[in-house]
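K.L.:
Here the protein sequences come in this chain order: P and Z. So for the first sequence, the working numbering puts the first residue at 964; every next one is plus one. So for the second sequence, the working numbering puts the first residue at -9; every next one is plus one. Glycine included, each C-beta is placed from N, C-alpha and C at the ideal position.
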Amino acid sequence: MKINVKNFNVNLDDKHILNNINLDIKRNSIHAIIGPSGCGKSTFIKSINRMNDLVKNFKASGKILLDGKNIYDDDIDVVSLRKRVGMVFQKANPFAKSIFDNVAYGLRIAGCEDSDYIKTTVLDSLASVGLLDGVEDKLYESALKLSGGQQQRLCIARAIAINPEVILMDEPCSALDPLSTLKVEELINGLKEDYTIVLVTHNMQQAKRVSDYTSFFLDGELIESGKTGDIFSNPKCDKTENYIEGRFG
Amino acid sequence: MNEKFIEKGLLSITLCLFFIIALIIVFLAYESIPAFHHFGLIKILSDIHWIPDLNLFGIFPMILSSLLVSFLALIIAVPLSLTTAIYIEELSSIRIKKLFKPIIQTLAGIPSVVYGFFGLTVLIPLIRDYVGGDGFSILAASIVLAIMILPTIITLSQDAIRNVPFEYKQASFALGSTHFQAISKIILPAALPGILTGIILGLGRAVGETLAVLMVIGNVNQIPSSVLDSARTLTSNIALEMCYAMDIHYHMLFVNGVVLFVIIVILMALTICIQHKWGC
C-alpha cells in the first residue's frame, strides 16, 4: 500500500467535513473517488498533499500515512511532501509563462540549475503527456495560448516533471470537451506504471473507464470502497447503488 | 422618455467637465505662447539661468531638480511600499490587514502642508546635524515626497497582488514551492503591471507636489551638485513667483506649467501602455 488513511477527520470552522475516513490506496494503481458535490471528496484529496493548509480554519485529525509515515506529523516538511505528492487541479492553471518555463518551474524551485537536465526533463515530460509534437516549435510561447485540453495536459506534464510518487487529480476533465477528456484519460491510464494516482471525479463513466479501485463518499463519510468492477456491478450498499444508477447526485 | 432625459443629462454634465479640462489646457498653452515666441523652445529648455531681473528664463535646472527629487523619492518609496504590500497581502493575519487599511488611507489624506511642516521641523534639523549642509535640500524633499507617495504605491501594489489568481499560487505550492518562492517567482511577476502602474502614479504625484517640497527644498535656483544641495522644482517656482510676475516673466511661469503638463502626460501614456500591453 502506498497510502493508508486512518481515522481521518477534517473540520472547517464548526463544520465537520470529513468523518472518520479509513482507506488504503495501492501503489501504482488508479484510485477513483466518486460522490455528489459537497461530499468532501475534494477536501479529502487536498488533504493528501496538505494543500488544505492554505485554507483558513482548516483542522485535521487522524493519520494519513505515505509509505508508512504520517504526513501530519510535526516533523514533516510540507514543501518536500508536495514534491512527492503532485497535484492536478480541476481548472487548468498554467502560469502566465512560456510552455517551457511552466514545466521547468518545479525543477528550478527545487534548486536544479543543470540546464541540460532541465531541458531533457521538460521535453520528456511533454512527450509523456503527448503534447510535445503539437508544441515543439512554440516551447517559448505563452502557455495561455494553448487550448483547454492542452493546458490541462501541460499541467500534468508540469506535475510529473518533478518526478513525484503520487499524483492527485481533482476532477481534471470537468472543464474539458469529450475529445480532450478522452486524451487525458488515456494519459492517466499510461501514468499508473510509474505513479500512484488518486482521481476525484463526479463522472462515473470516467471512474469506470480508468480506475482500478473506487471509493464512494457521501456527506463526509466513506460509504464503500473496493475494486472498480465490484463497486459498479455489485455494490454492497444501497446508497452506492442509488448513486451509481443516477437516482441522486 | 424619462430614461432618455436622464441619459442626456448625464452626458451633458460629462461634456461640461471635459470642456473645462480642455479649457484649462488651452489656457495654459495660450498664456505660454508669448514666452515660446520670445525665447524659442530650445533656449528655454537649455538655458541654465533663471534670473527674471536680467531677463534670463532657463528652466533646465528646475526640470532637472523636479525629476531628481521625484526619482529619489521613488528609490526610497518603492522598496518600502512593495515590502509593505507583500507583507499585508501575503503574510499578515486578517486582523493586521484590517488595522493597516485605515492607517494607509489616513496617510493618503494628510494635507501636504502637514508633511511639509514635519519635514521642516523634524527632517531638516536631522539632516543638518547628522548628514551635512544646512538641511534644506533635495534629500529632505525626496524623503518627504517618498512618505507622501507611499499610500499610492502601497494601495495599488496591494490590489495587484490580491488580483493574482489564487490558482497560480495554488499551482506553485502544489509543485513544492516555498511561500517565498511563490511570491518572488509567480505572484510578483503576475502583479508587475499593477505595481508599475502604482509606481508611475506615485511618480506623477511626486512631480506635481508643490507645497511640501517648497517648504523643505530651500528653493535656490541652481543645478544641484549633490543631494544635500538646495534646489528649486518646476512646481515650487510657479508657486513662489506667481504673485509678482509680470509680462514675459508671467508667461514664462506658464511655460513651467506646460512642461509639467507634458511630463504628466508622458507618465499617463506610460501607464496606459503598460495596462494595454499586459491586458489589464
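Would you list the residues sitting across from valine 1215(P) in a DSSP beta bridge?
P.N.:
Outside the displayed span of chain P (964 to 1212) sits residue 1215(P), for which this structure offers no information.
K.L.:
Do leucine 204(Z) and serine 220(Z) come within 8 Å of each other at the CB atom, strictly closer than that value?
P.N.:
Their beta carbons are not under 8 Å apart, which means serine 220(Z) does not touch leucine 204(Z) by this criterion.
K.L.:
So for alanine 131(Z), helix, strand or coil by DSSP?
P.N.:
helix
K.L.:
Taking its Cβ as the centre, do 16 or more other Cβ atoms sit within 10 Å of valine 197(Z), making it buried, or is it exposed?
P.N.:
Here valine 197(Z) is buried, its C-beta having at least 16 other C-beta atoms within 10 Å.
K.L.:
What's the C-alpha gap between aspartate 1016(P) and isoleucine 49(Z)?
P.N.:
Their backbone Cα atoms lie some 59 Å apart in a straight line.
K.L.:
Have a look at His979(P), Glu1128(P), Asp1193(P) and flag the residue whose alpha-carbon is nearest the alpha-carbon of serine 1043(P).
P.N.:
Glu1128(P)
K.L.:
Would you please verify whether the beta carbon of serine 167(Z) is less than 8 Å from any beta carbon of chain P?
P.N.:
yes
K.L.:
Whole angstroms are fine: how far does the CA of glycine 1112(P) sit from the CA of alanine 1106(P)?
P.N.:
12 Å
K.L.:
Go ahead and pull the three-state DSSP assignment for threonine 74(Z).
P.N.:
helix
K.L.:
Locate the alpha helix (DSSP H) running through threonine 168(Z), then write down its first and last residues.
P.N.:
Note, threonine 168(Z): premise wrong, no alpha helix (DSSP H); not H, not E.
K.L.:
Run through chain Z and tell me which residues come within less than 7 Å of asparagine 1282(P), C-beta to C-beta.
P.N.:
One cannot answer for residue 1282(P) here, as it falls past the ends of chain P, which runs 964 to 1212.
K.L.:
Using a C-beta cutoff of 8 Å, does phenylalanine 163(Z) count as contacting chain B?
P.N.:
Judged by its chain identifiers, the structure shown contains no chain B, and its protein chains are P and Z.
K.L.:
Suppose you measure from the CA of valine 1147(P) to the CA of arginine 152(Z); what does that come to, to the nearest Å?
P.N.:
32 Å
K.L.:
Check the Cβ-Cβ distances between alanine 181(Z) and every residue of chain P, and say whether any is below 8 Å.
P.N.:
no
K.L.:
Using CA atoms only, rank isn't needed, just tell me which of Val68(Z), Arg85(Z), Gly109(Z) is closest to leucine 146(Z).
P.N.:
Val68(Z)
K.L.:
First and last residue of the beta strand (DSSP E) that includes tyrosine 1103(P)?
P.N.:
No beta strand (DSSP E) holds tyrosine 1103(P); DSSP gives it neither H nor E.
K.L.:
Quick one, are the C-beta atoms of isoleucine 1027(P) and valine 968(P) less than 8 Å apart?
P.N.:
yes
K.L.:
If I measure Cβ to Cβ from glycine 122(Z) and keep anything under 7 Å in the same chain, skipping five residues before and after, which residues do I get?
P.N.:
Leu218
K.L.:
For threonine 74(Z), which residues in the same chain have their Cβ closer than 7 Å to its Cβ, ignoring the five residues on either side in sequence?
P.N.:
Ile144
K.L.:
Spatial neighbours of leucine 260(Z) within its chain, please: C-beta separation below 8 Å, excluding the five flanking residues on both sides.
P.N.:
Ile190
K.L.:
What number of angstroms, rounded off, separates the C-alpha of cysteine 270(Z) from the C-alpha of isoleucine 262(Z)?
P.N.:
At cysteine 270(Z) the pLDDT is 46, less than 50, meaning the model places this residue with poor confidence; the figure from the coordinates comes in the next sentence. Rounded to whole angstroms, cysteine 270(Z) to isoleucine 262(Z) spans 10 Å at the Cα level.
K.L.:
Closest Cβ-Cβ distance between glutamate 157(Z) and chain P: below 8 Å?
P.N.:
Interface annotation, glutamate 157(Z): in contact with chain P, CB-CB separation under 8 Å.
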